[in-house]
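Residue numbers (this note's numbering), protein chains in the order written: chain A, 1 to 366; chain B, 367 to 689; chain C, 690 to 999; chain D, 1000 to 1518.
Note that CB positions come from ideal geometry on N, CA and C, so glycine has one too.
Below you'll find the structure, written out as C-alpha cells, and then a few comments.
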Amino acid sequence: MSAPIEVPRWVDLALVPALAVVAAFLVAGLVVLAIGENPLSATLILLRGALGSGEGLGFTLYYATNFIFTGLAVAVAFHAGLFNIGGEGQATLGGLGAALVCLRLDFLPAWALVPLGALSAAAFGAAWAFIPAWLQARRGSHIVITTIMFNMLASALLVYLLVNVMGKPGSMSVETRVFAPAAHVPFVHELAAQFGVPIPASPLNLSFVLALAMAALMWVVLWRTRLGYAIRTVGASPTAAAYAGISNTRVIVVAMLISGGLAGLVAVNEIMGVQERLLLEFTSGAGFIGIAVALMGRSHPFGIVLASILFGVLYQGGTELAFDMPSITRDMVVTISGLVILFAGALDGLFRRPLAAAFAGRGKGA
Amino acid sequence: MDVFGFGIAIFDSGVRLAVPLLFACLAGLWSERSGVVDIGLEGKLLVAAFAAAAASHRFDSAWVGLAAGIAASIAFALVHGFAVISQRGNQIVSGVAINMLAAGLTALVGNAWYGQGGRTPPLEGAMRYQPLTLPGAEQAAAVPVVGRLYAYVVSGHSVLVYVAIAAVVATSFVLARTRFGLRLRAVGENPAAVDTAGISVTGLRYAAVVIAGVLCGMGGAYLSLDQAAAFLPLMTAGKGFIALAALIFAKWRAWPAFWTCLLFGLLDAVAIRLQGVVVPGVGQVPVQAIQALPYALTVILLAGFIGRAIPPRASGTPYVKER
Amino acid sequence: QEVKPAIVYDLGGKFDKSFNEGVYNGAEQFKKATGIEYRDFEIQNDAQREQALRRFARDGFSPIVAVGFSQASAVEKVAKEFPNAKFTIIDMVVDAPNVQSVVFKEHEGSFLVGLLAAKASKTGKVGFVGGMDIPLIRKFACGYVQGVKFANPSAEVFQNMTGTTGAAWNDPVKGAELAKAQIDRGADVIYHAAGGTGIGVLRATADAGKLGIGVDSNQNGLHPGKVLTSMLKRVDTATVATFTQAKDNKWKAGVSVLGLAEGGVGWALDDNNKALITADMKAAADKAAADIISGAIKVHDYMSDQKCPG
Amino acid sequence: MSAGGEGAGSPEPAPSLELVGIDKRFGEVHANKAVDLVVRRGSIHGIVGENGAGKSTLMSIVYGFYEADAGEIRVNGRPVRIRAPREAIAAGIGMVHQHFMLVEPLSVLDNVMLGAEGGALLRAGARKARAELERLSTEYGLAIDPDAIVGDLPVGLQQRVELLKALVRGADILVLDEPTAVLTPEEADHLFRLLRVLASEGKTVILITHKLREIMAVTSRVSVMRRGEMVATLDTADTSPGQLAELMVGRRVLLRVEKGPARLGALRLQVQNLTVVDAKGTPRVRDVSFGVHAGEIVGVAGISGNGQSELLEALAGMRPIAGGRITLGSTEIGPELRDPHVLRRRGLLHVPEDRLRMGLVPPFEACESAILGFHEEERYRAGPLLSRDAVIEDTREKMESYDVRPPAPLLRTSKFSGGNQQKLVLAREIERSPKVLLVGQPTRGVDIGAIEFIHRRLVALRDAGVAILLVSVELDEIMGLADRVVVMCGGRVTGERLTSETDERELGLLMAGVSEQAA
Ligand SMILES: Nc1ncnc2c1ncn2[C@@H]1O[C@H](COP(=O)(O)OP(=O)(O)OP(=O)(O)O)[C@@H](O)[C@H]1O
Ligand SMILES: Nc1ncnc2c1ncn2[C@@H]1O[C@H](COP(=O)(O)OP(=O)(O)OP(=O)(O)O)[C@@H](O)[C@H]1O
Ligand SMILES: [Mg+2]
Ligand SMILES: [Mg+2]
C-alpha cells in the first residue's frame, strides 16, 4: 500500500492513529471556532457524549458494530487484491435476506430464527458480491465499476420490493411489518437486566459480539488457515499464486463471497437488532465508512475494530454535540469525520516517518 | 413530436447529462495517468459546485463563479496531492476523506452563509450560464436532419459544454503529442524511469493533480451554474463515482472517455423517457426496473465487450526509492 | 407552566423544501408570535429517531413534534416510556394516549392543483415529477391525476420518479432533466412532489417558458409569474396549532385529519401568480373545493386501497 | 592487450571521474563505506563485487539517483554537486541500470526521447531522435525498430534501448551495471567491441559485472568492492580471476564445479512435439521434443526470450499447451493433471526463473514464502489450521542447512538479499526429494559464493538420481553443470549436444539459429 516504513507494531496500530486523530481535532477545532463555538468544550461534549455515559457508550459501540462488519468486508477483499466498494449494496441485500427469514419463518423459536436470519443475511450479501466477483475473475470486468453499479441496483431492488411486494399495505412508511419478537437480536441492556444488572437502554445488541467474533475469525482465517494463505498470496502476487498452483479465480470468488457475507451481517445489527423491520436506506453509508475503516485499520482486524470504535465515537459524540450546541449541525460531524480520515488514513506519514526515524533510524535514503 | 425530433431530444438531454461526467472523468484520467488514483472526484465536483454558486451569487457573474469553483476544486486537489504525493499517504483513503470533507464543509459553510441548510439562493440572469445559440442555428433549424441536428444538438448549450468537448480534444492531444504528455504517460507507468531521465516525478504528479482540479472545477460549476442554477447539498448525487466507472470503462483514454460518458448520459436520458412505458404482456414496467436499467446495462456492456481494463501500472502506489 | 416544544426532523433535514421545512417555518412563526424558544434536531440515520425523541423527552421537552411517517415506530416506543410527555407525529397515525397524529389529505390539494394545471395547459398535456416511487408520492400523483381528468378528461399526464436513493430528494439536475423530458413530450404544466429535486423542476419549466407547480410550502415566489401555483400542505399551521394548544393546555391526543375543510391543504394564490390564474380557473377551483368539502366530489385516496382510478 | 591499455603509459590527464569518501546508508544497511575511486579518461574500468557489495549504490550516487550521505564527486578534476539525475546528465554521465529504467508500454522512440524531447511538442524532437537512432545504429551497429513497444522486446534489446538513451544524451562517462547478465556470448562480445570503440573515442566506460572472464577480457583497470568498501583497484593486466574472486569474497573459491560422469537411470521426463502459444496467440514453443533421465542434468540453452521460459512454465503446469504430449515417469500429463499443485504431488518440482515474481512473495515473512506451493501439505496442518510452529520450525531447519543469511524465518522476504532469497527457493524445492526438478536461472544476480554453493547442490542432487532440467542464459553455467544440452531459438530446438562433445562457439551458433540439423 504505502511506503515501507518500519515501526513497532503498537506504534503503527495505536500511537500513530492517536496522534493523527489529535491533529484532526485541532483542525476541526478551527472550523468550530469559525462557527463561533468553543472547540475545547465541543471536544469535551463529543467525548463525554460518546464515552461518558452508559447510553453514549452503547450507541458508540452500536455504530462501531456496523463499521466492523463493513470494514472487515473491505479488508478481506483487499487482502485478495480486490477493491470492494459494494459494501453498501451487499449490506442492503443482507437486510433483504434477514427480513425474508424473519417474516416467513417467524413460527420458529428465537434460538433457531435468529441464527437463520443471520445466515440468510450473510448468504444474501455474499450472493450480491458473487456476480461482480465472478465477472472480475472470468471476464476481467473491473470490480470497482461493477460493485458501484450493484449498489445502485440494490437500492432500486429494495425500493421496488418494499413498495410493491413486502411493504405494509395501507401504510405510508416504506417498510415491512415489525418482525415477531423471536426474530429480535437481544439488546445488551435487556440481557443485563435479566442478570439483574440495570444498564441504560441503547441500541447496542449482541451483534456487537458477533462483530468481534468475526474480527477474531477473520484474523484466524487470514493468517492461520490455508484459505487465508491462498487469499493473501493472490493479493500480494498473482504470479506467485499461479506458480504455486493457487487458482486466482477460485480465490477471488471465495474472498468476495466472504466479503459480501460480512457486509450482509450489517443487517443483523440494524434490521434484526435495532429496527426489527426492513426499511429503506438502513445502511446509512456504513458501506463507505467501511472503506475508510479498513484502510485506516491497515486491513488488520484489530486495527479495524479500533478504527470502527473511533468512528462510533465520532457518530455518537457528534450526535450529542448537535444536541448541546445547536449551532453545530450534523454536517459538522461529517466534516470532522472527513478530517479524521484524512489525517489518520492518508497523512499518517506526517507522524509515522518521524517516529520511524526515532525508533529505527531508518526512513532516510529516499 | 416526430421520431427524429424525439431522438434529437434524447440526444440533447444525453449530452447535458454527460457533461459533468465528462469533466470528472477527464479529471480522473489526468490524475490516474500520472499514477495518482482519485476517488475524490465526487468531492471536488461538490466543492466546485458550491464555490461557483456562492461566488456567482455574491458577484452576480457566472464567470467569477466559474473561477471560484475551479479555485476551490484545485485547493482540494492540492490537499489530495500533498497527502499522496508529498506524504505518500494512501490514495484511496485520501479520496474518501476529500469526499466527506466536501460534503460536510459545503453544507456547513452554505448554512452559515444562507441559513438554508447549505442551499444557495436560486441563480438568476448573469449569475448563471445561458444556452448559446450558435450562428445560423435558427435558419438551420428549417433544414431537415443535418440542420436540425446542428440547431438542437450542436447549438443551444452553455459555454461549458463546448469547453468539455474542447477538453477532450486537448487531453488526447497533449497526452499523445506533447513533451508534458509523454512524461505524464511515463510517470504513471514507471516513475523511476522518469526520475532517472532527470525529470521530477513530484512535479509531474502535482501538475496532473492540479489539472484534475481544474476539470472538476468546471464540472462542478456546470452543475450549479448551468444545470440546476443553484447549489444544493450533495447535489452531485454520485456523479463522481459514475465518472470513475466511466474512466475504467474507457481504459484511461480520452476519446473513449468521451464516448463512454456520452453513452452513460444517453442511457440515463433514455431511461427517463422509458418511465411508465407499457410492455405488451408484461404490463407497465416498474419504475425501479427502468431506473436500474443504465446500471444493469453498464455491467452487461462491461462484461460483454470491454473486458479487462489494466490501469496505469504505477497508479495507486507512492513513489519511493527505498526498496 | 412554560411549554418546552421540540422538533425531530426526518432524514430530509429541516431545509428539505418540503414538509420538514414547513414544520420549521411553523415553529419560527410560533417563536416570533410568543417569544417561546424551541429546540430541534436533524437526524442522520434511523437509530437517531428514537435517540432524539428520548433525549428531548428526558430533558422535559413537550410537545415533541416528530416529522414524517418514518418516525412512527420510534414515537410509539418512546411515547410509552414517557407517558406524560406529549408527542405529535406528522404524516402518520400512531395510536397512543399521549400521541397526537396529524395527517393531511394531500390528494385533495393535489386534486385542485391538477384541475388548475389542466385548465392552464394549452397542449392538454401536463406532468408530474415525484422524488421516489413511494406510497406518499403516489398519493400526491393520484389526487393530481384525478384533478386533471376532472377538468379535462382527454388530458394526458406524464409521470416521472427521480430515483431510488436518498439523493432522489436532492437532485435538482435530474429534476430539471425529467421536467425537460416531459416538456419535450408536450407537457406545459408540471407539478412536483420531490423536495429539493423540485427546485430543478421549477427551474426547468421556468426556463422553458412553461408553468411549474410547487408543493408543500408556497413556492410561487421561486420564479414569480412562472409558477402556476403551489399545493399547500399546511404543516406550518399544524405545528403552530400543536405548540399553541400545548401552551394553552388545550393539546389533545388523537388523530386530526386535515383536508380542505380544515384548511390543512389548499392551493396558493398570491401576487406572484395572480396573473396566471384567470377568473374562471379560480372559480372552477373554488367550486371544486366546495364540492370536495361537501362531498359532492369524492377524491379517491390512494392509501385507501393502493390503487388509483384512471 | 585490450583497448583500455593505452591510457596506462601516457602522462596522467585529469581523471574523468573521481570519487572521494562516498558514504551511503539505507537505514541499517551501510551500502557504501567511505569509497574512493579514480577512473581514467578513455579507459574501460571494471567494478566487481559480491551481491550487495554496494556497486549499484555507488553508481546510483554517481548518477544522482541517490544522494550520498557524505563524500565528493569530481568530473574532469572539477568537483560537482550531483543531487539529481538531471545534474548527472548535465555533467555528461550516462547510465545503463541493472534494473532497466524503461517505460514498457511506450515505444523505443518515446523511451529514448523521455527527458530529452527537445521542445514542448514531440514532433520535431521525434524526427531528430529518429535520425540520431539511425546514425547510432549505422555507426555502432545498434540497430533497433524505433516504433517497437519496449515491453515486447527481448531483454537484450531492452538493454540496447537503455544504452541508446545514454548515447543519445551524448554521455561521455558511461556506466553499465551488470549489462551482460541478459546477453548471449555473441551479444556480449558485440557489446564489448562497442565499448572499446567508445573508449577509443575518448569516452570513459565503467563496467560493473560478476563475470571475471569479462573483466579480464575488456577492462584496463578493475576495482573490487566488498561489503560496501573499496578493497582494491588494480591494472587488469597484473591480476588474475583467482585473485579477484578471493578479493571479492574474502576467501578462496573454486571457479568451476567438479563432477563425475552421469549415471543415467530411467527416462523420467519426456516431451514430445510440445507446442505452446501465449495469450496473444503467438506460438512461443514450437514442436519441441526431448527427454530427461534420472541422474542427469539436461541444460536448455538459448538467448532469453526464445521460448525457454514458456517451455519451463508449460512443463510446470502453469501454462496450457497447444499441442504435443508431456510424460512424467510413465504417466502422460493430461489436461486434468496440468496444475502445478498436482504435478508437485507427483514429484515434479520447479525452481522458477524469477524468484521475486514467482518463487517468493516479497511482502510475506520468509517462513510463509518458504511454503509457497506446499501450504496444503499435511505436515503444516494443525486440524483445520496452518500450524505456524511447524512452518517456522521447518523454515529454520532449511535456512540452517542452506546457510541462508540472516537465518530469520520471521523477517520479511523482500528484506533478504537476492542470493539468500534464491537459496530459500532452492531449499524449499530440493528438500522435497523431487523425481524431476525444473530449474530456471538458478544463479541469476547471485554472487560467486552463492553460485558455488548452488551448483554443488544441483550436482549432488543429480548424483542422487534426480532428473534435472536446467534452463539458463549463462553458457558457462550450462557447460559447467549440464550433461546434455538442448539449444532453443525462436521456440524451436535448434540442436541437442553432449556438453562433453561441444563448445561455447558451437552452442552460440545454435543459439543464434544457425542450426545444422545433426541432432
Ligand atoms: N533502495 C535501497 N533501499 C534499501 N537498501 C538498499 C537499496 N539499494 C541497495 N540497498 C542495499 O545496499 C546494499 C548495496 O546494494 P547494491 O545494489 O549497491 O549492491 P550491488 O553490489 O549492486 O549488488 P548486486 O551485485 O546484486 O547488484 C545492499 O545491502 C542492498 O540491500
Ligand atoms: N529494502 C531493504 N531494506 C533494508 N535492508 C535491505 C533491503 N533490501 C536488502 N537489504 C539487505 O541488504 C543485503 C543485501 O541485499 P541485496 O538485495 O543487495 O543482496 P544481493 O545484492 O542480492 O546480494 P546476494 O545476492 O549476495 O545475497 C541483505 O542482507 C538484505 O537484508
Ligand atoms: Mg542484488
Ligand atoms: Mg547492483
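Run of the alpha helix (DSSP H) containing C:Arg923, from where it starts to where it stops: Run containing C:Arg923: none; DSSP gives neither H nor E here.
Assigned secondary structure, A:Tyr243 (DSSP; H/G/I helix, E/B strand, else coil): The answer is helix: DSSP assigns A:Tyr243 an H, G or I state.
Distance CB(C:Gly1000)-CB(C:Gly852) smaller than 7 Å: The question about residue 1000 of chain C has no answer here: the residues shown for chain C are numbered 690 through 999.
Assigned secondary structure, B:Gln650 (DSSP; H/G/I helix, E/B strand, else coil): Strand.
Among C:Gly914, C:Phe704, C:Gly832 and C:Ala736, nearest to C:Gly898 - alpha-carbon criterion: Residue C:Gly914 is the option with its Cα nearest to C:Gly898.
Counterpart residues of D:Gln1271 in DSSP-defined beta bridges: In the DSSP assignment, D:Gln1271 forms a beta bridge with D:Arg1324.
Chain B within 7 Å of D:Ala1119, Cβ atoms only: Closer than 7 Å: yes.
9 Å Cβ cut-off: residues of chain B touching D:Leu1355: Below the 9 Å Cβ cutoff, chain B contributes no neighbours of D:Leu1355, its closest Cβ being approximately 11 Å away.
Beta-carbon proximity list for B:Leu610, same chain, < 7 Å, skipping 5 on both sides: Contacts found: Gly394, Ile405 and Leu407.
Under 9 Å (Cβ pairs) to chain A, residues found in the segment 1326-1347 of chain D: Residues of the segment 1326-1347 of chain D that bring their beta carbon within less than 9 Å of a beta carbon in chain A comprise Asp1338, Pro1339, His1340, Val1341, Leu1342 and Arg1343, in sequence order.
Alpha-carbon to alpha-carbon, C:Phe708 and C:Val988: If you draw a straight line from the Cα of C:Val988 to the Cα of C:Phe708, it comes to about 22 Å.
Neighbourhood of D:Leu1509 by C-beta distance below 6 Å, restricted to the same chain and skipping five residues each side: Excluding positions up to five away in sequence, the list reads Val1486, Thr1493 and Gly1494.
Per-residue contacts from B:Gly673 into chain A (C-beta, under 8 Å): Contacts between B:Gly673 and chain A, judged by CB atoms closer than 8 Å, involve Arg139, Gly140 and Ser141 in chain order.
Below-7 Å beta-carbon distance, B:Gln650 vs any chain A residue: False, the Cβ-Cβ gap to chain A never drops below 7 Å.
Within chain A, partners of D:Phe1363 - CB distance below 7 Å: Result: Ala236.
Distance, B:Ala428 Cα to B:Arg494 Cα: Approximately 5 Å, taken between the alpha carbons.
Per-residue DSSP class, three states only, for C:Tyr713: In the structure shown, C:Tyr713 sits in a helix (DSSP, three-state: H, G or I).
Beta carbon proximity, B:Gly682 to chain C, threshold 7 Å: Not closer than 7 Å to any Cβ of chain C, the Cβ of B:Gly682 fails to qualify, so no.
Spatial neighbours of D:Gly1512 in its chain, beta-carbon cut-off 7 Å, leaving aside the 5 residues before and after: Result list for D:Gly1512: Cys1488, Gly1489 and Thr1493, in chain order.
For D:Asp1446 and D:Asn1050, believed in contact at Cβ under 8 Å, the rounded distance: Correct: roughly 4 Å between the Cβ atoms.
Which residues DSSP lists as bridging D:Leu1466, in chain order: Checking the displayed sequence, the identity of residue 1466 of chain D turns out to be Ala instead of Leu. Answer is D:Val1435.
Closest by C-alpha distance to C:Gly813, when choosing among C:Val837, C:Phe829 and C:Gly820: When each option's Cα is compared against that of C:Gly813, the closest is C:Val837.
Contact residues within the segment 1177-1190 of chain D, judged by C-beta distance below 8 Å to chain B: Answer in chain order: no residues at all.
Min CB distance C:Ile982 to chain B below 7 Å: Taking Cβ atoms only, chain B never reaches closer than 7 Å to C:Ile982, which makes this a no.
Beta-carbon neighbours of A:Glu281, restricted to chain C and to distances below 9 Å: Chain order gives the chain C residues near A:Glu281 as Leu700, Asn734, Asp735, Thr854 and Gly855, where near means a beta carbon separation below 9 Å.
Chain A contact for B:Ala473 (CB, 7 Å cutoff): With 7 Å as the cut-off, B:Ala473 counts as an interface residue toward chain A.
Neighbouring residues, chain B, relative to A:Gly345 (Cβ below 8 Å): What A:Gly345 touches in chain B: Gly455, Asn456, Val459, Ser460, Val462 and Ala463.
Presumed contact (8 Å Cβ cut-off) between D:Val1047 and D:Leu1243, rounded CB distance: Under the criterion of beta carbons closer than 8 Å, D:Val1047 and D:Leu1243 qualify as touching, at roughly 6 Å.
Residues sharing a beta bridge with A:Phe187, DSSP: Note: A:Phe187 sits in a beta bridge opposite A:Asn205.
Enclosing beta strand (DSSP E) for D:Pro1078 [first to last residue]: Counting along the chain, the beta strand (DSSP E) containing D:Pro1078 begins and ends at Arg1077 to Val1079.
With 16 other Cβ atoms within 10 Å as the buried cut-off, status of A:Pro301: Result: buried.
Residue of A:Ser202, A:Val253, A:Gly196 and A:Gln316 minimising C-alpha distance to A:Phe368: No answer is possible for residue 368 of chain A: the residues shown for chain A start at 1 and end at 366.
For C:Lys814, three-class secondary structure by DSSP: C:Lys814 carries a strand assignment under DSSP once its states are collapsed to helix, strand and coil.
Chain A contacts from the segment 925-956 of chain C (Cβ-Cβ distance under 8 Å): So the list is empty, because no residue satisfies the distance condition.
Under 8 Å by beta carbon: chain D residues contacting A:Ala294: Under the 8 Å cutoff, chain D gives no residues; its nearest Cβ is about 17 Å from A:Ala294.
Interfacial residues, the segment 886-920 of chain C to chain B, with Cβ spacing under 7 Å: For the segment 886-920 of chain C, the set of residues with a beta-carbon nearer than 7 Å to any beta-carbon of chain B comprises Ile888, Gly889, Arg892 and Leu911, in chain order.
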